[in-house]
Amino acid sequence: MPTGHDIEHDTAKISSEYECLQCGRLVEAETHPGECSNCGGNFQNRAKSLE
Ligand SMILES: [Zn+2]
Numbered sequence: 254m255p256t257g258h259d260i261e262h263d264t265a266k267i268s269s270e271y272e273c274l275q276c277g278r279l280v281e282a283e284t285h286p287g288e289c290s291n292c293g294g295n296f297q298n299r300a301k302s303l304e
């Protein structure tokens, strides 16, 4: 159950990378960007840190 564990970063703003499911556009944002401004598709949060 790896979900919801504490993140030990002290940065005030933590941005995540989102990928549009339709056109594959990548957007970095602190919160979910909503719908893609390019094609209107939905974004999916990509797991960035693979350590
Ligand atoms: Zn798109």
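Each number in our numbering comes from the position in the sequence shown (counting from 1) with 253 added on. Positions of the beta carbon are idealized from the N, C-alpha and C atoms, including for glycine. Only a predicted model underlies this, so the values are computations on that prediction, with no experimental measurement involved.
Sub-8 Å separation of residue i and residue j beta-carbons
i      : j      : result
Gly294 : Cys276 : yes
Near ligand 1: residue i beta-carbon under 7 Å from a heavy atom
i      : result
Gln297 : no
Gly287 : no
Burial state of residue i (16 or more Cβ within 10 Å)
i      : result
Cys273 : buried
Cys292 : exposed
Residue i - partner residues in DSSP beta bridges
i      : result
Leu274 : Partner(s): none; Leu274 has no beta bridge.
Ala282 : Ser269
Integer-rounded CB distance, given that residue j should sit under 8 Å from residue i
i      : j      : result
Ser290 : Glu281 : About 14 Å; that fails the 8 Å criterion.
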